[in-house]
Structures are given as structure tokens and as C-alpha cells.
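This report concerns only the one structure given below.
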Amino acid sequence: SQELEQSPQSLIVQEGKNLTINCTSSKTLYGLYWYKQKYGEGLIFLMMLQKGGEEKSHEKITAKLDEKKQQSSLHITASQPSHAGIYLCGADMIKETSGSRLTFGEGTQLTVNP
Amino acid sequence: NAGVTQTPKFQVLKTGQSMTLQCAQDMNHEYMSWYRQDPGMGLRLIHYSVGAGITDQGEVPNGYNVSRSTTEDFPLRLLSAAPSQTSVYFCASSYRSTSGGPGTQYFGPGTRLTVL
Chain A
1 SQELEQSPQS LIVQEGKNLT INCTSSKTLY GLYWYKQKYG EGLIFLMMLQ
51 KGGEEKSHEK ITAKLDEKKQ QSSLHITASQ PSHAGIYLCG ADMIKETSGS
101 RLTFGEGTQL TVNP
Chain B
115 NAGVTQTPKF QVLKTGQSMT LQCAQDMNHE YMSWYRQDPG MGLRLIHYSV
165 GAGITDQGEV PNGYNVSRST TEDFPLRLLS AAPSQTSVYF CASSYRSTSG
215 GPGTQYFGPG TRLTVL
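The listed protein sequences correspond, in order, to chains A and B.
For the record, in the first sequence the residue sitting at position 54 is 54 according to our numbering, with numbers rising by one throughout.
For the record, in the second sequence the residue sitting at position 20 is 134 according to our numbering, with numbers rising by one throughout.
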């Protein structure tokens, strides 16, 4: 959806390198979700951010939501081949719908070369 | 908990045929949604439900019907399949958090549909 823009569309990195994926909206994001998808499989929930300035980490993945709640970034430290896949950001852009109507970015295809 | 389950995993239809994609969740979630995923288009919302007996249209509802007679089940019906409906379909469910804000949306494994 053009309401939520993800960049870059694809990313190829060498194992051990750090990388960042961005998700940007012109509207306020009431909930921002990061998912990972392996080709041909379902979506795996990574993290959810709600509050402006919020930051969450899990293992080597850190996600942040800016103070204005219009941009989020996903940062992977010391990437590994297991990090490869498609990363999707999804956002709740309507406050009342509480996660039932997510708008998604087009995804970022991440390749990690050994 | 099985989480969100979808059947079938794969389906091939001929143009004009009808079928129902099944979705069930055992987490007692209020909210359930159907998305389709197409190359270059990302995930797009088809229909959603905020509780049993309540459904509403999403971004791309044409050609699809839904109903929600129980909290657990949210089937998606294709009344007359068209090649444009070839896609991967995901069902998802979520809860309302105690703070009233969004809850995490959990996705099923998907149904890969081809319409010839």
C-alpha cells in the first residue's frame, strides 16, 4: 500500500554486517507491527510498537517508532543467514480498529550471504 | 493452542467455480481478518470482523463474501472464481489489549489459490 512505504525493496548483505529497514507513513500509526516471512510461508510476528519513541529488541533485532509515530525502523545487528527472508511492516492506521485492519508495506527482501 | 489454522493449503479452481477457504482460531480473539498477498502489491485487506455476527469490507472486497457465526471461525467464500483471484490468502486474528489499544495480529499459514 502506498499509505505505508517500506525501503529498501531488497537488500543483500554479507554475513556479520548490520542493516536497517525503514517503514514510513504520512499518517499517525496507532500500532506498528514487524513481521518476517519465509518464501511460501506464513507471517511470523516479530515486534509491535505503540508509543512514540518506543524501542524494542529481541535477540539481534531492534525496532523503533519515532516520536511522531509516523516512521519505524528495524535494525539487525551482525546479520546471519537465518535472518534472510521478507520483512513486512504493518500498521493500524485507524485507532478504533485495534489491530483488525492492518495496512502493510510491500516488504523488504533480505538476502544474507555467508 | 493450534493458533490460526487455514484449510486447504493449496487449491486449483476453474473460472466460475465457487469455494470456501476455512479459517479457525482457538485463542478466543475478537478480531479476525482476511488478506491476500500478491507480488508487488503486498498484503491487502479483503474483509474483517470485530466479533461474531459483525463483518465489514476491507480494501479489496469485491468477489468475496464472509460471515462470522462463531468467535472461532471466519470462512471466506469465492462465489465465482476469476483468474484475478489467483493469490495467497492469509487469515489473521487479534485481540483488544487491556489498555484498549491494538493487540498483536496472528497469521495463519496461508492458502495458495490458483484460478485457471
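For every residue, glycine included, the Cβ atom is placed at its ideal position computed from N, Cα and C.
In this text the structure is predicted, and so the values were computed from the model without any measurement.
The C-beta of MET141 of chain B comes no closer than 9 Å to any C-beta of chain A.
Residue environment for LEU193 of chain B: exposed (fewer than 16 other C-beta atoms within 10 angstroms of its C-beta).
Taking the Cα of GLY31 of chain A as reference, the smallest distance to any Cα among A:GLY85, A:SER72, A:ASN113 is reached at A:SER72. Rounded to the nearest whole angstrom, the C-alpha separation of LYS51 of chain A and VAL229 of chain B is 42 Å.
Assignment of SER82 of chain A by DSSP, reduced to helix, strand and coil, places it in the helix class. In terms of CA proximity to SER132 of chain B, B:ARG191 leads the group B:THR225, B:VAL118, B:LYS123, B:ARG191.
When Cβ-Cβ separations below 9 Å define contact, GLY53 of chain A makes no contact with chain B. About 12 Å separates the beta carbon of LEU4 of chain A from that of THR108 of chain A, a gap too long to meet the 8 Å contact definition. For GLN139 of chain B, the three-state secondary structure derived from DSSP is strand. In its chain, beyond the 5 residues on either side, LEU159, ILE160, HIS161, TYR162 have a beta carbon closer than 6 Å to the beta carbon of GLY172 of chain B. Using beta-carbon distances, TYR33 of chain A counts as an interface residue toward chain B, with a partner under 9 Å. The CB of LEU74 of chain A never comes closer than 9 Å to any CB in chain B; the least such distance is about 16 Å.
For GLU41 of chain A, the C-beta contacts it makes with chain B under 9 Å involve PRO223, GLY224, in order along the chain. In this structure, SER208 of chain B sits away from MET155 of chain B, with a CB-CB distance that is not shorter than 9 Å. Closest in C-alpha terms to MET93 of chain A, from the list A:SER7, A:THR24, A:SER57, comes A:THR24.
If you check the CB distance, GLN37 of chain A and ILE21 of chain A do not come in under 9 Å.
Contacts with chain A (Cβ-Cβ distance below 8 Å) from the stretch 171 to 188 of chain B involve GLY172, GLU173, listed in chain order.
Using a CB distance cut-off of 9 Å, GLY167 of chain B does not count as an interface residue toward chain A. LEU159 of chain B: member of the beta strand (DSSP E) spanning 156 to 165, first to last residue. The C-beta of SER201 of chain B comes no closer than 9 Å to any C-beta of chain A. The DSSP-derived three-state label of SER198 of chain B is helix.
Taking each of B:ALA195, B:ILE168, B:SER183 in turn and checking the Cα distance to THR134 of chain B, the smallest one comes out for B:ALA195.
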